[in-house]
Structures are given as C-alpha cells and as structure tokens.
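Working notes for the structure below.
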Amino acid sequence: MAAEITAALAQCPYCGVGCGLELKPSAEDTAAQPSSPWRARGDRQHPSSLGQVCVKGATVGETLHHNRLTTPLWRERTDQPLTPISWELAFGLLVERIRATLASKGPRALAIYGSGQFLCEDYYVANKLLKGALGSNNFDANSRLCMSSAVAGYARSFGSDGPPCCYDDLDIANLVLLIGTNTAECHPVLFQRLLKRKRKVGEALRLVVVDPRATATSDAADLHLAIAPGTDLALLCGLGHLLLSEGGVDLGFVAAHTEGFAELKTLWQAWNPERAAAVCGIAEADLRQLGAWWVASSGVLSLWSMGVNQSREGTATVAGICNLHLVSNQIGRPGAGPFSLTGQPNAMGGREAGGLAQLLPGYRSVADAAHRAEVERHWGFAVGSISAEPGLAVWDQIEAMERGELDLWWVAATNPLVSLPSLDRVRSAVANCPLVVLSEAYAGTETEAVAHLVLPAAQWSEKAGVMVNSERRVTLCHAFRQPPGQAKPDWAVFAELGRRLGFADQFGYGSAADVYEDFVTLTAGRVCDSSGLSHRLLAAHGPQQWPFPAGTGPGGGQARLYTDHCYPREGGRAHLLAEMPFGLAEPPCDRYPFVLTVGRVLGHWHTMTRTAHVARLVQQHPEPLLEINPRDAAIVGLLEGGWAEVRSRRGAVAARVEITERIRIGTLFLPMHWGAAQDQPCEVNRLMHEQACPHSLQPELKAAAVSLRPLVPLG
Ligand SMILES: Nc1nc2c(c(=O)[nH]1)N[C@H]1C(S)=C(S)[C@@H](COP(=O)(O)OP(=O)(O)OC[C@H]3O[C@@H](n4cnc5c(=O)[nH]c(N)nc54)[C@H](O)[C@@H]3O)O[C@H]1N2
Ligand SMILES: Nc1nc2c(c(=O)[nH]1)N[C@H]1C(S)=C(S)[C@@H](COP(=O)(O)OP(=O)(O)OC[C@H]3O[C@@H](n4cnc5c(=O)[nH]c(N)nc54)[C@H](O)[C@@H]3O)O[C@H]1N2
Ligand code: SF4
Ligand SMILES: [Mo]
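In this text, residue positions in the sequence shown follow our numbering: the first is 23, and each later residue adds one.
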C-alpha cells in the first residue's frame with residue numbers, strides 16, 4: 023500500500039504552528055525499498071503556513087524508520103530484559119490486571135498519562151475508555167507541563183478555553199509583544215512571517231521581546247526587556263499602571279464588556295513604573311517605551327509560550343495579559359488580542375477532546391453534573407458512570423505512586439522520565455507502581471527503562487487522524503506509510519481494550535473517521551464547535567478553522583473568537599482578575615545563588631527520539647551547553663568550553679560551559695533535550711522542582727535555584 027502512494031498531505035508533527043506538509047517518497051528507491059526516507063516540503067495550499075517550513079519539518083521524513091518498536095514487549099520486573107509477546111497476550115494481561123484493580127482498589131488506582139502529540143482520535147478514545155467505561159478521571163497529558171496555564175487563564179478571564187486570534191493577525195498588528203517565547207527557534211515559521219513584515223514596514227511594526235535571555239527572537243526586536251526570571255506579572259502590572267496614567271484605558275469598553283475593573287485599578291495603581299522596573303531588573307525608560315507603544319498602537323497582539331505558562335503564577339500571568347487587552351479594547355478584532363502559541367502539534371485538539379484530568383470533551387468539565395450527563399448520554403454509559411471527582415493531574419499521579427495507590431500507570435506518546443520535574447523522585451515513585459505500560463514508537467527511551475509492558479505505536483505518517491494548530495485550524499493527516507511490524511495506532515489499542523473489557527458497542531469503531539465523527543458530534547453548541555467537520559470534508563476541502571458548526575460550508579469557519587465581545591460567562595462579560603505578583607516559587611538564596619532556566623533549541627524536538635536521528639540537526643546542536651554571563655563565570659571560575667557542576671536542592675548535573683553576554687547576570691540556561699539515553703546526557707530535570715500554579719497545576723519548569731562549581735573535564 024505505502025509504496026503506491028506518491029504524495030500525501032499532513033500537518034507537521036512537531037510544533038503547534040501546524041504547518042502543512044506535502045510528503046513524497048525519495049524518487050530513487052520507492053518501490054524497491056518502501057521504508058526509504060520521505061521528503062517533506064511545505065504545502066502551499068495550507069492556509070496556516072502557505073508553503074513555509076522550518077528545518078525540523080523539512081527533515082521529518084528522515085526520522086520515521088530508525089529504531090522502531092515492532093512488537094509488544096513484557097517483563098515481570100524492571101530488572102529483567104523485555105521480551106517480545108503477542109498482542110493477544112498483551113491485551114489479556116491488561117484486561118486481567120484492570121479487572122483485578124477495579125475489584126480490589128477501584129478505578130482511582132488506574133491512570134493514563136498521554137500527550138499533545140496524540141491525534142484527536144487517540145485522545146478521544148483514551149478518555150472515553152478511562153473516564154467513561156472505567157469511571158476514573160485520571161487521564162492527564164503532558165499539556166499539563168505546557169499549555170495548562172493558558173487553558174486555565176482563558177477559562178478564568180473569558181469563561182472558556184480557546185485562543186481567540188489567528189495567524190493573519192501577525193500581518194495586521196502594529197505592536198507585537200512576545201513574552202516568554204523564543205518564537206524564532208520554537209515557532210519558526212510564524213517568526214519568519216513576522217520578520218518578513220518587519221523588514222518591509224520597519225517602524226510601523228514594533229516587536230517587543232520579554233525574556234531573561236537574548237535569543238534569536240530578541241535579536242529582531244525593537245526592544246528587549248531582559249527581566250529577571252519570574253517577574254512577568256510585575257511587568258504587566260507596571261504596564262497596566264501606564265495604561266491608566268497615559269490614557270490607554272477604554273472606559274466605555276470596560277463598562278460594557280468586563281467586570282472587576284475597580285480591583286484591578288487598585289492593584290495597578292500600586293505598581294508605578296519605578297517599582298515594576300526595579301522588581302523586573304530593567305530600565306524604567308524601557309517599560310515606559312512599551313507603555314507608549316501600546317497606547318499608540320491600533321493593533322496590539324501578545325504572543326506567549328512557556329516563559330509565561332511554566333510558572334507557579336502562570337495562570338495569573340495569562341490573566342494579566344488578557345486584562346491589558348481587555349481594558350485597552352485590543353481584542354476581538356483583526357490584529358489584536360492575547361494569543362498563546364501552542365507547544366505541541368495537537369495540544370489544541372487534546373483540549374477539545376477533554377484531554378486533561380479536569381476536562382470532558384467539548385471544553386466540558388468533570389465537575390459539572392450537566393456536562394457529565396451530556397457526555398454519558400452521548401457515550402452510551404449509565405447515569406453516574408463518569409466520576410464527579412476531578413482526576414489526578416500528572417504530579418498527583420506521581421505522588422499517588424509514591425503512596426502505592428496506583429496499580430496501573432499507562433504512559434503514551436510522552437517521555438516523562440526526561441520531561442517531568444524532580445526526576446529522581448519520579449523514578450523512585452514509578453518503581454512503586456506494579457504495572458507501568460508504555461505506548462511508544464521508538465525503542466530505548468528513558469521511560470522504557472521503567473516500563474513492564476511496552477506497546478509499539480504506529481505514529482504520524484502511519485495512522486490517519488486529525489490535528490488542530492494554535493490558530494484553531496484543523497488538518498487531516500493522511501496515513502501514507504505502513505506501520506512497522508505489529509505497531510498499532512494508539513486509538514485502536516484503547517478501542518480494542520474497551521471491547522475486551524465488555525464495551526463492544528461503545529468502542530466498535532471501524533476507522534479513525536468513525537472516531538472523529540463520534541467526537542465532533544459532542545462539540546455541537548460548544549465554543550469549540552467542530553460538528554460540521556469530518557475526515558471526508560477535510561480530505562476534500564483541506565484544513566478548516568473552528569468554530570465550524572454543522573451546516574458550515576468549506577472555508578466558513580471563524581477566524582477569531584469573541585468578535586461581538588460577548589464572553590461565555592454568566593452575564594457575557596469578561597473577568598478582569600486582580601492578582602498580586604509573588605515571583606518565583608524557589609528564589610535564589612546564598613546557598614543556591616543562580617536561577618537556572620530550561621528551554622529549547624531550534625533543531626531538536628523535546629527528548630530527541632526523532633531529531634537525534636537527523637545528522638544535520640545533530641551537527642547543528644552536538645551537545646547541551648550551559649549559558650552563563652561572563653561576570654558570573656569569572657566569579658565562579660568557569661572557562662569557556664570547560665565543565666561545570668550545576669546543583670539544586672534535588673541533585674546535580676554536569677555540563678559544558680558557554681560564556682555569553684546574552685544571558686542576564688544571575689541566570690543560567692540549559693536545554694531540556696538531552697535525557698539519560700543520549701550519548702552526552704544532561705538530565706536537567708533532576709534539578710527542577712514540581713511546585714505548580716494553583717489554578718493550572720502546571721509546574722514551574724522554567725526556574726530552579728542552583729549553585730555552580732567548576733569540574734575537571736570528564737574527558
Ligand atoms: N525547536 C523546537 N521547537 C519547539 C519545541 C521543541 O522541542 N523544539 N517544542 C514545542 C513545545 S511543546 C513548546 S511548549 C514550545 C515552547 O516554546 P517556547 O516557550 O518559545 O520555548 P522555551 O525555550 O521553552 O522557552 C521560551 C523562553 O522563555 C524564556 N524564559 C525563561 N524564564 C522566563 C521568565 O520568567 N519570563 C519570561 N518572559 N521568559 C522566560 C527562556 O529564556 C526561553 O527563551 O516550543 C514548541 N516548539
Ligand atoms: N525543565 C523543563 N522541562 C520541560 C519543559 C521545559 O521547558 N523545561 N517543557 C515541557 C513541555 S512544554 C513539554 S510539551 C514536555 C515534552 O516532553 P515529552 O512529551 O516527554 O517529549 P517528547 O520527546 O515529545 O515525547 C513524546 C514521545 O512520544 C513518542 N511518540 C511519537 N509519536 C507517537 C505516537 O503516535 N504514539 C505514541 N504512543 N508515541 C509516540 C516519541 O517517540 C517520544 O518518546 O516537556 C516538558 N518538560
Ligand atoms: S514551524 Fe513547527 S509546524 Fe512548521 S515546519 Fe517547523 S516544526 Fe513543523
Ligand atoms: Mo510543550
């Protein structure tokens with residue numbers, strides 16, 4: 023089958039920009055060697071990317087063949103080798119263990135930890151199985167580490183999740199605030215779009231970057247505010263103060279469409295620019311410049327990502343961004359609004375499919391009795407099947423394992439033994455769980471080392487399904503290759519298990535298209551209404567934006583939300599939230615005087631299961647480097663290219679030093695990518711802590727207090 027396909031369309035499986043790709047087998051050896059690399063290039067017809075791609079998208083075809091898992095693997099204990107077993111045995115084992123757990127401890131002892139790299143179909147069936155059929159809400163996803171603060175922030179400010187803007191806004195805005203985002207490296211195609219316009223229009227477009235480091239993003243900015251880590255909310259309060267004093271507040275809009283202004287005004291009044299600039303460690307004049315540009319701009323767009331979300335005040339900071347847009351009427355029209363840049367390719371679809379422990383499909387909540395009843399009815403489960411209790415978010419799952427309360431932890435399409443904080447604690451907690459299942463595409467990941475049962479996953483390119491990008495655009499990804507060996511799509515595994523557990527009717531899907539139809543029906547009438555979409559429509563007419571209610575014609579989706587300023591809260595008003603800035607959960611101190619921040623580089627994707635196989639990317643970023651300011655390096659006695667030990671309250675790692683003026687004094691940077699399975703490991707998350715935002719439960723993965731000392735080279 024695969025060898026006959028000559029070209030296929032799909033959304034890129036890396037970042038949340040969600041570029042359209044066109045894939046072709048390498049001309050020379052298609053028929054002779056069906057597993058030959060596929061060449062990817064930009065799909066010119068895709069409205070989100072118009073033919074553009076970055077280096078990761080362009081090389082994705084080279085990552086699909088190496089090192090794949092081809093059969094289920096099993097071992098009783100993790101000190102034994104994994105040995106191949108049949109799917110029949112694997113399913114038998116799962117059914118037996120799940121039944122035994124339900125009988126002995128009940129559904130709360132079961133948990134699934136999924137991923138923004140699931141397709142909508144994978145998400146939907148996994149949630150239906152765990153929340154519906156088995157009665158446990160313990161489905162969480164790595165979006166908890168990623169977009170959870172944006173989800174909670176939108177919901178608290180506007181009454182619902184859902185990014186209100188679209189990419190065309192980048193071509194219209196005349197002030198773009200990039201806060202806590204290294205867009206140039208992490209959402210490159212969007213950044214190129216901004217850059218192209220900047221080159222053309224010059225000062226008619228102002229770019230302002232807020233980041234403790236100078237990055238490829240800030241290099242292009244008119245103004246770089248190199249704030250101290252964790253001071254974003256203080257900065258936003260100072261900006262609010264300037265809107266108040268410089269005539270930037272639209273009182274008519276505030277009165278008509280918001281509530282909570284009096285409290286917000288009181289908070290902002292306490293944050294004069296002098297105080298805000300001092301807390302942030304920047305020049306007051308720079309903050310005033312940003313204020314002046316905001317007030318003078320007809321279209322202000324704020325883009326943000328992990329520098330905002332991964333904070334113990336992530337949700338408050340998101341609300342802080344929404345506040346500024348609301349009071350200045352910079353929302354709900356072209357070129358204006360608060361716009362979260364989604365991390366993973368289908369984290370958006372996951373939110374819509376109910377893929378977090380507190381959610382149900384269609385932006386519903388497990389805590390809402392009417393929502394549970396609607397979903398139970400649609401799924402065909404008895405009244406009361408879905409538990410009223412919110413499920414365990416991923417860190418709560420870890421703590422439950424520490425206490426011996428989880429019998430099954432099923433990890434799928436994520437590599438938590440690299441990406442969770444407090445990794446040593448995670449490792450010992452997981453050792454306490456009698457059955458760790460891993461659904462994975464590649465052999466030899468860090469999480470495989472702690473798994474009992476490993477299930478080979480058909481990945482993107484080998485399974486059909488839908489992804490949704492940051493601008494709410496829905497793309498059908500075609501299957502154009504055969505899965506290796508016995509690998510199966512994740513949704514098909516969850517569905518088969520559902521049938522074997524006795525729910526033949528609920529899980530009788532014949533195809534991914536059936537699953538998608540079941541899912542979108544459940545979104546009817548909700549903010550994320552996608553009920554007019556189907557695999558057939560997407561295949562025939564290409565990507566579409568939601569809202570797309572039943573009856574919408576191709577191209578009829580809505581580009582922006584809340585254009586009528588009617589927000590889905592009781593009374594229709596947006597909520598201005600007045601929240602005090604507190605700063606970092608773990609501030610630097612005498613013993614741990616530096617703040618370590620952790621993020622990404624252009625060429626690598628997360629835990630490198632794919633990008634480590636692309637020679638070009640490995641050459642570009644051969645090893646993890648510790649960025650440090652020359653003044654700090656001199657104090658500690660570190661030399662360029664030498665080795666340093668970085669130590670936090672939780673452990674220590676070694677890394678090679680890169681001395682650079684581009685990072686703030688007192689701040690260090692390490693990339694997140696090099697886990698224990700890499701040739702040059704740097705398990706940076708052993709250093710990070712799990713303290714989280716109380717609203718989103720998103721851990722503060724961007725900052726930990728650390729100490730430094732020079733190390734003799736390891737050779
Ligand atoms: N190349 C590449 N691209 C990716 C990914 C990848 O792995 N590789 N992953 C995708 C995913 S899932 C995600 S979530 C996104 C992440 O995209 P980004 O959020 O843009 O990436 P990060 O490097 O994690 O962090 C962004 C910036 O936050 C800054 N920062 C640290 N602390 C603070 C702070 O307190 N305040 C502010 N304002 N800034 C701070 C860091 O210095 C860093 O430059 O990227 C997506 N795109
Ligand atoms: N300190 C610090 N830690 C962080 C971050 C940070 O900025 N700083 N960022 C956080 C964020 S935003 C994120 S998103 C996470 C990312 O962290 P992870 O989710 O752990 O990283 P990935 O490498 O993307 O893991 C995805 C896994 O799924 C596998 N896979 C790919 N396709 C499929 C499929 O179709 N099915 C199955 N079953 N498996 C598949 C891949 O091989 C890979 O092992 O890291 C978080 N951790
Ligand atoms: S910008 Fe993101 S979606 Fe687009 S090609 Fe690059 S990694 Fe893929
Ligand atoms: Mo992410």
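Ideal Cβ positions, reconstructed from N, Cα and C, are used throughout, including at glycine.
1. Would you mind listing the alpha helix (DSSP H) stretches within the segment 384 to 420 that are 4+ residues and don't spill past its ends, in chain order?
2. Any heavy atom of ligand 4 closer than 7 Å to the beta-carbon of Gly365?
3. Relative to ligand 4, is the shortest distance from any of its heavy atoms to the C-beta of Cys704 smaller than 7 Å?
4. Going by DSSP, what residues sit across from Phe161 in a beta bridge?
5. Near Tyr743, which residues of its chain fall below 6 Å by C-beta distance, leaving aside the five closest residues on each side in sequence?
6. Leaving out five residues on either side along the sequence, give the residues of the same chain with a beta carbon under 6 Å from the beta carbon of Val360.
7. Just to check my reading of the structure: Pro565 and Ser553 have Cβ atoms closer than 8 Å, yes? What is that Cβ distance to the nearest angstrom?
8. Is any heavy atom of ligand 1 found at a distance shorter than 7 Å from the C-beta of Asp254?
9. Kindly identify the DSSP beta-bridge partner or partners of Trp326.
10. Leaving out five residues on either side along the sequence, give the residues of the same chain with a beta carbon under 7 Å from the beta carbon of Asn454.
11. Is Arg731 helix, strand or coil when you go by DSSP?
12. How is the beta strand (DSSP E) around Cys499 delimited, first residue to last?
13. For Gly260, does the count of other Cβ atoms within 10 angstroms reach 16, so buried, or fall short, so exposed?
14. Around the Cβ of Arg99, are there at least 16 other Cβ atoms within 10 angstroms (buried) or fewer (exposed)?
15. Going by the C-beta, is Ser362 closer than 7 Å to any heavy atom of ligand 1?
16. Does the Cβ of Thr469 have 16 or more other Cβ atoms within 10 Å, making it buried, or fewer, making it exposed?
17. I need the DSSP call for Leu723, collapsed to helix, strand or coil.
18. Starting from Ala479, follow its DSSP beta bridges and name the residues at the other end.
19. So if I measure from each beta-carbon to every heavy atom of ligand 3 and keep distances below 5 Å, which residues remain?
20. Give the DSSP-derived three-state secondary structure of Lys127 in the structure shown.
21. For Gln291, does the count of other Cβ atoms within 10 angstroms reach 16, so buried, or fall short, so exposed?
22. Taking CB distances under 8 Å as the criterion, tell me whether Ala674 reaches chain B.
23. What residue does the alpha helix (DSSP H) around Leu216 start on, and which one ends it?
24. Thinking just about the alpha-carbon of each residue, which of Gly621, Leu733, Pro47, Pro652 is nearest to the one in Ala674?
25. Per the DSSP calculation, Gly621 is bridged to which residue(s)?
26. Hey, could you find the ends of the beta strand (DSSP E) Glu667 is sitting in?
27. Check each candidate in Gln641, Leu523, Leu624, Ala465 and name the one with the smallest Cα separation from Val476.
28. For ligand 4, I want to know if Cys142 counts as a neighbour, meaning its beta carbon is within less than 7 Å of at least one of the ligand's heavy atoms.
29. Quick one: is Glu608 buried, meaning 16 or more other Cβ sit within 10 Å of its Cβ, or exposed?
30. Rounded to the nearest angstrom, what separates Ala315 and His246 at their Cα positions?
31. Quick check: the segment 362 to 371 against the segment 478 to 497, are at least 3 beta-carbon pairs closer than 8 Å?
32. For Asp244, which option in Arg221, Ala298, Ala278 has the closest C-alpha, if you only look at C-alpha atoms?
33. When the Cβ atoms of the segment 616 to 623 are set against those of the segment 679 to 697, are three or more pairs found closer than 8 Å?
34. Hey, is Cys168 close to ligand 4, as in C-beta under 7 Å from one of its heavy atoms?
35. Please determine whether the Cβ atom of Gly697 lies at a distance below 7 Å from any heavy atom of ligand 1.
36. Is Leu723 near ligand 2, in the sense that its beta carbon is under 7 Å from a heavy atom of that ligand?
Let me lay it out:
1. Whole alpha helix (DSSP H) segments, 4+ residues: 391 to 401.
2. Yes, the beta carbon of Gly365 sits closer than 7 Å to at least one heavy atom of ligand 4.
3. Checking the Cβ of Cys704 against ligand 4 gives no.
4. The partner list for Phe161 (beta bridge, DSSP) reads Ile134.
5. There is no way to answer for residue 743, as the model of the chain reaches only from 23 to 737.
6. Note on identity: in this sequence residue 360 is Pro, with Val being the wrong assignment. For Pro360, where only same-chain residues beyond five positions count, the Cβ hits under 6 Å are Ser324, Ile343, Cys344, His347.
7. That pair is no contact at about 17 Å.
8. Yes - ligand 1 has a heavy atom lying nearer than 7 Å to the Cβ of Asp254.
9. Ile201, Ser362.
10. Cβ contact annotation for Asn454 (same chain, cutoff 7 Å, sequence separation greater than five): Met423, Glu424, Gly426, in chain order.
11. Strand.
12. Run containing Cys499: 495 to 499, per the beta strand (DSSP E) assignment.
13. Looking at its Cβ environment, which holds 16 or more other Cβ atoms inside 10 Å, Gly260 is buried.
14. With fewer than 16 neighbouring CB atoms inside 10 Å of its own CB, Arg99 falls in the exposed class.
15. Taking 7 Å as the cut-off, the C-beta of Ser362 does not count as close to any heavy atom of ligand 1.
16. Buried: at least 16 other Cβ atoms inside 10 Å.
17. Annotated three-state conformation of Leu723 is coil, per DSSP.
18. Looking at the DSSP assignment, Ala479 forms a beta bridge with Lys510.
19. In chain order, the residues that have a beta carbon nearer than 5 Å to some heavy atom of ligand 3 are Cys34, Tyr36, Cys37, Val39, Cys41, Val75, Cys76, Lys78, Gly79, Pro210, Val211.
20. Look at Lys127 here: in three-state DSSP terms it is coil, with no helix or strand label.
21. Taking all protein chains shown into account, Gln291 has fewer than 16 neighbouring C-beta atoms within 10 Å of its C-beta and is therefore exposed.
22. In the displayed structure, chain B is absent; only one protein chain is listed.
23. For Leu216, the enclosing alpha helix (DSSP H) begins and ends at 210 to 223.
24. Nearest Cα to Ala674 within the set Gly621, Leu733, Pro47, Pro652: Leu733.
25. Within the DSSP secondary-structure output, Gly621 pairs in a beta bridge with Pro693.
26. Element bounds for Glu667: 665 to 670.
27. Scanning Gln641, Leu523, Leu624, Ala465 for the CA closest to the CA of Val476 turns up Ala465.
28. Closer than 7 Å to some heavy atom of ligand 4: that does not describe the Cβ of Cys142.
29. Classification for Glu608: buried.
30. A small fix is needed here, since residue 315 is Trp in this sequence, not Ala. Looking at the two C-alpha atoms, the distance is approximately 14 Å.
31. In short, these stretches touch, since the Cβ pair count reaches three.
32. Considering only alpha carbons, the answer is Arg221.
33. Result yes; three or more Cβ-Cβ pairs closer than 8 Å.
34. Yes - ligand 4 has a heavy atom lying nearer than 7 Å to the Cβ of Cys168.
35. Checking the Cβ of Gly697 against ligand 1 gives no.
36. Leu723 has its Cβ nearer than 7 Å to a heavy atom of ligand 2.
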